[in-house]
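Asks: Sharing a structure below in structure tokens format, with a few things to ask.
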Amino acid sequence: MKKLMIMLLMVVATSTASFAKGSNDNVQTAAKEVVQKVKDAPSGTTYGVVEVTKSHIVVNTPLGRYNINKNEDGSFSFMGMTAKLVAVKNGVYKVQTSFGTFSVDTRKATVTKQ
């Protein structure tokens, strides 16, 4: 499960970085929409992983429910992005993605492109 959370962190970090390249107005508008959706959600709404099967993982977010597909090679794919855990050492995870290779340091909470 820890590997899965690292993969999800990587996907979120790369998609956020790609989205942030848009104009500042677009980012602010999107942030306001997410905040409003979270405020409007009924009590007891769960965000995060809600279902895990052999072929996919279902994640509930303020923007909707999404499937993260598990591939036969051990990688995960989501919205055209792929991520695969390559190595782990002392809390530093090396993740190969369709955007490049990244180091995710869980102790420092940093993501660094190699």
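Residue numbering for the sequence shown is -20 to -1, 1 to 94, as defined by mature numbering (1 follows the signal peptide of the UniProt record, and there is no 0).
The beta-carbon is built from N, C-alpha and C at its ideal position, and this holds for glycine as well.
What are the partner residues of residue 76, as DSSP defines its beta bridges?
Replies: The partner list for residue 76 (beta bridge, DSSP) reads 64, 81.
Asks: Would you say residue 84 touches the ligand PLP, meaning its beta carbon is less than 7 angstroms from a heavy atom?
Replies: Judged by which ligands are present, the structure shown has none, so any question about the ligand PLP falls away.
Asks: What would DSSP say about residue 50, mapped onto helix, strand or coil?
Replies: Of the three classes helix, strand and coil, the one that applies to residue 50 here is strand, per DSSP.
Asks: Please go through the same chain and pick out, in chain order, the residues whose beta-carbon is closer than 7 angstroms to the beta-carbon of residue 82, but skip the five residues on each side of it.
Replies: Answer for residue 82: -11, 75, 91, 92, 93, 94, listed in chain order.
Asks: Use the C-beta contact count for residue 43: other C-beta atoms within 10 angstroms, 16 or more gives buried, fewer gives exposed.
Replies: By the 10 Å Cβ count, residue 43 comes out exposed.
Asks: Would you mind working out which of 57, 67, 65 sits nearest residue 38, comparing C-alpha positions?
Replies: Cα-wise, what sits closest to residue 38 is 57.
Asks: Alpha carbon to alpha carbon, how far is residue 52 from residue 70?
Replies: Cα to Cα, the separation comes out at about 27 angstroms.
Asks: Would you list the residues sitting across from residue 39 in a DSSP beta bridge?
Replies: 29, 46.
Asks: Using the DSSP secondary-structure output, state which residues sit across from residue 19 in a beta bridge.
Replies: Partner(s): none; residue 19 has no beta bridge.
Asks: Can you grab the Cα-Cα spacing for the pair residue 30 / residue 5, in whole Å?
Replies: Spanning the two alpha carbons is a distance of roughly 32 angstroms.
Asks: Given residue 18, which residues of its chain have a CB within under 7 angstroms of its CB, disregarding the five upstream and five downstream residues?
Replies: Correct list, in chain order: 42.
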